[in-house]
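Heads up, the thing below is written out as structure tokens.
There are 2 protein chains.
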Amino acid sequence: MGSPVKRKDILLQRRREILAAAADLFSRGGYHGVTMDAIAQRARVSKGNLYWYFGSKQEMFQLLFEDIVQTLVGPLVDIMESEWPPRQKLRALASACLDAAEANPEAVRLLWRIAIQPELGELLSAQYSKRIGPFIDYLKPIFTALGDDDPDATAMLYAVSLDALMALAVIGGDTYDRAKLMSVIEKVFMNFGGEKDDQSCLGSSG
Amino acid sequence: MGSPVKRKDILLQRRREILAAAADLFSRGGYHGVTMDAIAQRARVSKGNLYWYFGSKQEMFQLLFEDIVQTLVGPLVDIMESEWPPRQKLRALASACLDAAEANPEAVRLLWRIAIQPELGELLSAQYSKRIGPFIDYLKPIFTALGDDDPDATAMLYAVSLDALMALAVIGGDTYDRAKLMSVIEKVFMNFGGEKDDQSCLGSSG
DNA sequence: GTCTATATTCGGATAGAC
DNA sequence: GTCTATCCGAATATAGAC
Chain A
0 MGSPVKRKDI
10 LLQRRREILA
20 AAADLFSRGG
30 YHGVTMDAIA
40 QRARVSKGNL
50 YWYFGSKQEM
60 FQLLFEDIVQ
70 TLVGPLVDIM
80 ESEWPPRQKL
90 RALASACLDA
100 AEANPEAVRL
110 LWRIAIQPEL
120 GELLSAQYSK
130 RIGPFIDYLK
140 PIFTALGDDD
150 PDATAMLYAV
160 SLDALMALAV
170 IGGDTYDRAK
180 LMSVIEKVFM
190 NFGGEKDDQS
200 CLGSSG
Chain B
0 MGSPVKRKDI
10 LLQRRREILA
20 AAADLFSRGG
30 YHGVTMDAIA
40 QRARVSKGNL
50 YWYFGSKQEM
60 FQLLFEDIVQ
70 TLVGPLVDIM
80 ESEWPPRQKL
90 RALASACLDA
100 AEANPEAVRL
110 LWRIAIQPEL
120 GELLSAQYSK
130 RIGPFIDYLK
140 PIFTALGDDD
150 PDATAMLYAV
160 SLDALMALAV
170 IGGDTYDRAK
180 LMSVIEKVFM
190 NFGGEKDDQS
200 CLGSSG
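Protein sequence lines correspond, in order, to chains A and B.
Just so it is clear: in the first sequence, position 61 is 60 by numbering that gives the first Met the number 0, and no numbers are missing.
Just so it is clear: in the second sequence, position 41 is 40 by numbering that gives the first Met the number 0, and no numbers are missing.
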């Protein structure tokens, strides 16, 4: 019969299920647009039971947000720490962003939403801002290496464009054409007269 | 004493004041995140009085949204209808977007928010989508004229980047450097080997 | 652990005096 | 036109049985 380990697994599993339901709903309705009733219904548990797993609606939302940031920026970290040549890094970053966006549209929705306006005070958006700054700093030397004469501005535009492309991946519908976008990004952001340093090797998607 | 005309003006003026208060609040909190109490307080009228001017919270929100779309896309129309050469048009469009974003941060917040997820059914976001498609179509021949060999994708990326830059103008803080951004846009989006067609003549801001 | 009440506050909207 | 008072449904959270 169920060992205590297994029991704990089931417990954590339920927690995850509830959080998944909440993630889906929050990403569409935002914090205020979603009721505990709705979450309970979607997760197939009673509303009272929700409060056995989580202390409050707010706690759920914050846990969720941390998960989401992790989900979206996690894949980027590996690339950033790699030793690849500049163009390949830029390509891989863009590709990873689109992968993440296609795989987690709710995460993108929620992240953008919180970026554009914190729903729970400033703490969440601060967490986001803390990421984008270093990311831009990381991009600067890459564009320098590509021969760009104003890497700061290009890095800014690149970072922001990636965010926007993730949004497009989620809401673009027919407008969104991944392959075309990848090639335009390459053409537009990686032609500063610097020498070519590599050939493509990424770009697959789900 | 007050002519009937003047009275009506005062009435409309109050209406505008209330809407302005509502715009500010809605742009931060979204539809569900703002209470009629809060709007009343900010507009310095009683909550009951709000309902003399507007039928419901929802009506206020919808009116507001139409205003906002108008505010943001209005300036673009003039440029789109002009007979300027391609580069100048692109420059002017970007500049106008940044102007509009700097002058109406609440509008940008609200527009992005609704774009990323409709709060009141699909009708509002549909209204937005209806704008972006034609805008991209409008951009295509411009990039063709510039010698771009994939104008569709470039147009898509350009449109999306402008949206992102408006967001950056609102939430970027120190990160946002308008002058630099304008020059990067020019470098990045207007160098396809086509001949130069003009010199700058725009770029002022508030 | 999971459920069914239920307490309680909040928020949109209305009534009606002035 | 503007206010105060109030109705009433909805939503967060708790209590307590099983």
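Ideal Cβ positions, reconstructed from N, Cα and C, are used throughout, including at glycine.
These figures come from a predicted structure and were not determined experimentally.
Nearest residue (CA-CA) to residue i, options the options
i                     : options                    : result
residue 74 (chain A)  : A:92, A:62, A:82, A:59     : A:92
residue 167 (chain A) : B:169, B:162, B:56         : B:162
residue 228 (chain B) : B:22, B:50, B:17, B:76     : Coverage of chain B is limited to positions 0 through 205, which leaves residue 228 (chain B) absent and any answer about it impossible.
residue 94 (chain A)  : A:187, A:178, A:9          : A:178
residue 50 (chain A)  : A:18, A:65, A:70, A:191    : A:18
residue 190 (chain A) : A:142, A:11, A:123, A:5    : A:142
residue 138 (chain A) : A:6, A:76, A:69            : A:76
residue 154 (chain B) : A:129, A:46, A:67, A:174   : A:174
residue 129 (chain A) : A:65, A:105, A:165         : A:65
residue 48 (chain A)  : A:6, A:146, A:67, A:10     : A:10
residue 16 (chain A)  : A:44, A:5, A:184           : A:44
residue 20 (chain A)  : A:140, A:35, A:6           : A:35
residue 164 (chain B) : B:116, B:105, B:184, B:150 : B:184
residue 176 (chain B) : A:186, A:116, A:7, A:149   : A:149
residue 241 (chain A) : B:147, B:8, B:186          : Nothing in the structure corresponds to residue 241 (chain A), since chain A is present only between 0 and 205.
residue 105 (chain A) : A:180, A:68, A:6, A:46     : A:68
Interface partners of residue i on chain B, CB under 9 Å
i                    : result
residue 56 (chain A) : Residues of chain B passing the Cβ test: none, with the nearest at roughly 13 Å.
Cross-chain neighbours of residue i in chain A, by beta carbon under 9 Å
i                     : result
residue 176 (chain B) : 151, 152, 155
Whether residue i touches residue j by CB criterion (8 Å)
i                     : j                     : result
residue 127 (chain A) : residue 109 (chain A) : no
residue 112 (chain A) : residue 29 (chain A)  : yes
residue 182 (chain A) : residue 144 (chain B) : no
residue 63 (chain B)  : residue 25 (chain B)  : yes
residue 89 (chain A)  : residue 188 (chain A) : yes
residue 14 (chain B)  : residue 52 (chain B)  : yes
residue 123 (chain B) : residue 103 (chain B) : no
residue 125 (chain A) : residue 170 (chain B) : no
Partners in chain B for residue i, counting only beta-carbon separations shorter than 7 Å
i                     : result
residue 166 (chain A) : 115
residue 183 (chain A) : 149, 152, 153, 156
residue 170 (chain A) : 114, 115
Per-residue contacts from residue i into chain B (C-beta, under 8 Å)
i                     : result
residue 180 (chain A) : 152, 155, 156
residue 187 (chain A) : 153, 156, 187, 188
residue 118 (chain A) : 28, 29, 32
Residues that residue i contacts on chain A, provided the C-beta gap is smaller than 8 Å
i                     : result
residue 159 (chain B) : 160, 163, 164, 166, 167
residue 9 (chain B)   : Residues of chain A passing the Cβ test: none, with the nearest at roughly 32 Å.
Sufficient close CB pairs (3 or more, under 8 Å) joining the segment 48-64 of chain B to the segment 92-104 of chain B: no
At least 3 beta-carbon pairs within less than 8 Å: the segment 16-30 of chain A vs the segment 18-38 of chain B: yes
contact_flag[the segment 80-88 of chain B, the segment 35-43 of chain B] where n(CB pairs < 8 Å) is 3 or more: Output reads no: the segment 35-43 of chain B does not touch the segment 80-88 of chain B.
Chain A contacts from the segment 83-112 of chain B (Cβ-Cβ distance under 7 Å): 108, 111, 112
Near-chain B residues of the segment 20-41 of chain A (beta-carbon distance less than 8 Å), N- to C-terminal order: 26, 27, 28, 29, 30, 31, 32
The segment 149-163 of chain B contacting the segment 128-139 of chain B, beta-carbon criterion three pairs below 8 Å: yes
Residues, ordered as in the chain, of the segment 130-148 of chain A that lie near chain B by beta-carbon distance below 9 Å: Residues passing the 9 Å Cβ filter: 131, 132, 135, 147, 148.
Contacting positions in the segment 61-83 of chain A - beta carbon closer than 8 Å to chain B: none
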